[in-house]
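S.K.: Next up is a structure, given as structure tokens.
Numbering (the numbering used here), first residue to last: -19 to 275.
Now the structure itself:
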């Protein structure tokens, strides 16, 4: 009798899980498998037929100078945006939480870039960075600095996009760090003060930072994935230029798939993109998880 009860319970559990499993297969696993299958064909967008070509798309991609440029630019972008936005987000969260008034106002101000549509904000940045009448160059003139061609100078464009990426990500990271700071038990600070740790820096180093370990791990991983997915600002502001100086993986994938209609080749770039995101997430999680203090 007990065995039949357990069997019915198991069947009920599987029945309840089935819709979620089906949705996961249809919305997550299915598209990934479809992209992987498409990456080994010569399919072109709109074509009525396709042929299996094996790993030719991957061989062409690894021999393509533009692919390596876009991969390098993506890595540089991630290497700038992740530490910059994480550290600034933590700093803003600490400053807001330490204040006595205006917390709601400052939270809203710093969170505005997250709520705004990034494409719309990119257009605003395009006007601000205009070489002739942009606000940034006008401010530089006031302090005696020569105007710059921020988006058409190959030595500056990628770093300008990374700065915009930091500006856009700080508010999101700030909210996550604020949630982590609020959840830290207050008695830990009282105990630290009783043990002779009066300075704010020592309390941060000994209490706040270790207790923010899980939040920091989550913020770093999420920010890395979001940074790897940079596309909007590149598409609106530079179109990958000048001379491929801001070409990133997602923009290369878009250009190959929807401008040159090489869907099979674009699918191969997508597979490599997914592999890099997965590896980046696993490596960061494994390295940082060892130093995380879980409450």
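All C-beta atoms in this analysis are idealised placements derived from N, C-alpha and C, irrespective of residue type, glycine included. Predicted, not measured: the structure shown is a model, and the values here were computed from it.
Can you name, in chain order, every residue of its own chain whose Cβ lies under 7 Å from the Cβ of residue 72, other than the five neighbours on each side?
M.R.: Taking the first residue of the chain shown as position 1, residue 72 is located at position 92. Around residue 72: 90, 150, 154.
S.K.: Tell me where the alpha helix (DSSP H) around residue 203 begins and ends.
M.R.: What you label residue 203 is simply residue 223 of the chain shown in a count that begins at 1. Its alpha helix (DSSP H) spans residues 193 to 208.
S.K.: Starting from residue 84, follow the alpha helix (DSSP H) in both directions and report where the run begins and ends.
M.R.: Walking along the chain shown from the start, residue 84 turns up at place 104. Per DSSP, residue 84 belongs to the alpha helix (DSSP H) from 83 to 95.
S.K.: Should residue 242 be labelled buried (16 or more other beta-carbon atoms within 10 Å of its own) or exposed?
M.R.: Within the chain shown, residue 242 is the residue found at index 262, counting from 1. Answer is buried; the Cβ neighbour count reaches 16.
S.K.: Just to confirm the assignment: which complete alpha helix (DSSP H) runs, minimum length 4, are found wholly within the stretch 35 to 84?
M.R.: Segments of the alpha helix (DSSP H) lying fully in the stretch 35 to 84: 36 to 42, 45 to 78.
S.K.: With the cut-off set at 8 Å, would you say residue 143 and residue 222 are in Cβ contact?
M.R.: Indexing the chain shown from 1 puts residue 143 at position 163. Indexing the chain shown from 1 puts residue 222 at position 242. No.
S.K.: What does a CB cutoff of less than 8 Å around residue 136 pick up in its chain, not counting 5 residues either side in sequence?
M.R.: For the purposes of this step, residue 136 is taken as the residue at position 156 of the chain shown. Once the five neighbours on either side are set aside, the close Cβ partners of residue 136 are 128, 129, 130.
S.K.: Return the residue from the list 262, 255, 236 that minimises the CA-CA distance to residue 24.
M.R.: Your numbering for residue 24 matches position 44 in the chain shown. Measuring from the Cα of residue 24, the nearest candidate turns out to be 236.
S.K.: CB-CB under 8 Å to residue 158, same chain, minus the five flanking residues each way: which ones, in chain order?
M.R.: Within the chain shown, the letter at position 178 stands for residue 158. Cβ within range, chain order: 73, 76, 77, 87.
S.K.: Just list the residues that DSSP pairs residue 21 with in beta bridges.
M.R.: Looking up residue 21 in the chain shown gives position 41. 32, per the DSSP bridge assignment.
S.K.: With the cut-off set at 8 Å, would you say residue 50 and residue 228 are in Cβ contact?
M.R.: Indexing the chain shown from 1 puts residue 50 at position 70. Indexing the chain shown from 1 puts residue 228 at position 248. A contact, by the Cβ cut-off of 8 Å.
S.K.: Let me know the secondary structure DSSP gives residue 274 once reduced to three states.
M.R.: For the purposes of this step, residue 274 is identified with residue 294 of the chain shown, where counting begins at 1. Because the pLDDT of residue 274 is 49, which lies under 50, any placement of that residue in the model is unreliable, and the number read from its coordinates should be weighed accordingly. Looking at residue 274 - three-state DSSP - the assignment turns out to be coil, as it is neither helix nor strand.
S.K.: Closest to residue 48 by C-alpha separation, out of 210, 21, 224, would be which residue?
M.R.: Here residue 48 corresponds to residue number 68 of the chain shown, with the count starting at 1. Considering only alpha carbons, the answer is 224.
S.K.: What residue does the alpha helix (DSSP H) around residue 146 start on, and which one ends it?
M.R.: Locating residue 146 in the chain shown gives position 166, counting from the first residue. Looking at the DSSP string, the run of the alpha helix (DSSP H) that includes residue 146 is 137 to 162.
S.K.: Closest to residue 141 by C-alpha separation, out of -17, 101, 1, 4, would be which residue?
M.R.: Counting from one through the chain shown, the residue named residue 141 turns up at place 161. Minimum Cα distance to residue 141 is reached at 101.
S.K.: Helix, strand or coil, according to DSSP, for residue 228 in the structure here?
M.R.: Position 248 of the chain shown, counted from the start, is the residue given in the question as residue 228. Three-state result, residue 228: coil.
S.K.: Express the C-alpha separation of residue 171 and residue 274 in angstroms, rounding to a whole number.
M.R.: Sequence index remark: in the chain shown, residue 274 carries index 294 (1-based). Sequence index remark: in the chain shown, residue 171 carries index 191 (1-based). Per-residue confidence for residue 274 stands at a pLDDT of 49, beneath the threshold of 50, marking its modelled position as unreliable; no derived number is given.
S.K.: Using a Cβ-Cβ cutoff of less than 7 Å, which residues in the same chain neighbour residue 22 once the five nearest sequence positions on both sides are dropped?
M.R.: Within the chain shown, the letter at position 42 stands for residue 22. Cβ neighbours of residue 22 beyond the five flanking positions: 30, 31, 33, 244.
S.K.: When you compare the stretch 196 to 204 with the stretch 255 to 265, are there three or more beta-carbon pairs, one atom per stretch, that lie closer than 8 Å?
M.R.: Cβ pair count under 8 Å is three or more, so yes.
S.K.: Would you check if the stretch 191 to 199 and the stretch 102 to 109 touch, i.e. whether three or more CB-CB distances between them fall below 8 Å?
M.R.: Verdict: no, contact absent.
S.K.: Can you give me the C-alpha to C-alpha distance between residue 114 and residue 145, rounded to a whole angstrom?
M.R.: As a first step, residue 114 is located in the chain shown; it is residue number 134 there, counting from the start. As a first step, residue 145 is located in the chain shown; it is residue number 165 there, counting from the start. If I take the Cα positions, the gap works out to 19 Å.
S.K.: Measure the CB-CB distance between residue 261 and residue 197 and report whether it falls below 8 Å.
M.R.: Counting from one through the chain shown, the residue named residue 261 turns up at place 281. Counting from one through the chain shown, the residue named residue 197 turns up at place 217. No, Cβ-Cβ distance for residue 261 and residue 197 is not below 8 Å.
S.K.: Residues in its own chain within less than 6 Å of residue 83 by CB, not counting five upstream and five downstream?
M.R.: Here residue 83 refers to the residue found at position 103 of the chain shown. Taken in chain order, the residues that qualify are 76.
S.K.: Straight-line CA distance for residue -14 to residue 1?
M.R.: Here residue -14 corresponds to residue number 6 of the chain shown, with the count starting at 1. Here residue 1 corresponds to residue number 21 of the chain shown, with the count starting at 1. Straight-line Cα distance between these residues: approximately 22 Å.
S.K.: For residue 94, which of 152, 68, 169, 213 has the nearest alpha-carbon?
M.R.: Locating residue 94 in the chain shown gives position 114, counting from the first residue. For residue 94, the nearest C-alpha among the options comes from 152.
S.K.: Work out the CA separation of residue 231 and residue 250 for me, nearest whole Å.
M.R.: For this step, residue 250 is matched to residue 270 along the chain shown. For this step, residue 231 is matched to residue 251 along the chain shown. Looking at the two C-alpha atoms, the distance is approximately 11 Å.
S.K.: Is residue 56 near residue 138, with beta carbons less than 8 Å apart?
M.R.: Within the chain shown, the letter at position 76 stands for residue 56. Within the chain shown, the letter at position 158 stands for residue 138. Contact flag set, yes.
S.K.: Considering residue 284, what are the terminal residues of the alpha helix (DSSP H) in which it resides?
M.R.: Nothing about residue 284 can be read from this structure; the chain reaches only from -19 to 275.
S.K.: Measuring straight from C-alpha to C-alpha, what distance separates residue 213 and residue 98?
M.R.: Taking the chain shown and counting its residues from 1, one reaches residue 213 at position 233. Taking the chain shown and counting its residues from 1, one reaches residue 98 at position 118. Cα-Cα distance, rounded: 7 Å.
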